[in-house]
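Chemist: Position one of the sequence shown corresponds to residue 47 (our numbering), numbered consecutively onward. Virtual Cβ for every residue (Gly too), placed ideally from N, Cα, C. Quick caveat, the model's predicted, so the values are computed rather than measured.
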Amino acid sequence: MEKDLIEFIAKSLVDDPASVSVTESEGERGPVLRLSVAQDDIGKVIGKYGRIAKALRTVLSASASKEGRHYSLEILD
């Protein structure tokens with residue numbers, strides 16, 4: 047569910063929604079979602095001073111806490 051949420055939000059932000067992909071893997075501290083977008087859209091996903099990335103992480107944290115889980119979000123170059 048969290049994977050779909052991040053993918054939906056990212057596709058809404060970028061110019062090339064077809065290039066958005068979210069993969070889930072296990073990290074040291076639990077599940078990690080890795081968001082990949084087109085090179086031209088990285089700035090739109092990160093935002094000025096990282097505000098959009100922080101908002102994505104906040105939404106992810108709020109959604110995951112309903113299930114008692116903790117996710118990390120990585121934005122890949």
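Please classify residue 110: is it buried, with 16 or more other beta-carbons within 10 angstroms of its beta-carbon, or exposed?
Modeler: Under this definition residue 110 is a buried residue.
Chemist: Give me the residue from 117, 121 and 54 with the minimum Cα distance to residue 74.
Modeler: Measuring from the Cα of residue 74, the nearest candidate turns out to be 117.
Chemist: Considering just the uninterrupted stretch of the alpha helix (DSSP H) at residue 58, what are its terminal residues?
Modeler: The continuous alpha helix (DSSP H) containing residue 58 extends over residues 48–59.
Chemist: Taking the alpha-carbon positions, what's the residue 121 to residue 113 distance?
Modeler: 23 Å
Chemist: Taking 9 Å as the cut-off, decide whether the C-beta atoms of residue 67 and residue 48 are in contact.
Modeler: no
Chemist: Which residues in the same chain have their Cβ closer than 6 Å to the Cβ of residue 80, if we skip the five residues on either side of it in sequence?
Modeler: 69, 120 and 122
Chemist: For the beta strand (DSSP E) that residue 80 lies in, which residues bound it at each end?
Modeler: Here the beta strand (DSSP E) through residue 80 covers 76–82.
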